[in-house]
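In the UniProt record's numbering, the protein residues as written are 1 to 78.
These notes are about the structure you will find just below.
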């Protein structure tokens, strides 16, 4: 039987392993985002759908960064 303390240690170790896997797979997820994704999956979110949403959000963020960079250099942005 595991104690609450050992469960916390196990959860932290598991998350550290997930973070290392995430880095090896070049997911570009930070710890906070990965933790949120894990919690969403634990609460029943479809992992494939969640991955699509995260990828789309990253794509939009990158587009916004490019637009802001272009506008900052005197470009029209569109």
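Note that beta-carbon positions come from the ideal geometry of N, C-alpha and C, so glycine has one too.
Note that the structure is predicted; figures quoted are calculated from it, not measured.
Using a threshold of 8 Å, state whether the C-beta atoms of residue 34 and residue 24 are closer than that. no
When you compare only the Cα positions, how much space is there between residue 68 and residue 36? Going by the C-alpha atoms only, they are around 27 Å apart.
According to DSSP, simplified to helix, strand and coil, what is residue 35? helix
Extent of the continuous alpha helix (DSSP H) run through residue 113: The question about residue 113 has no answer here: the residues shown for the chain are numbered 1 through 78.
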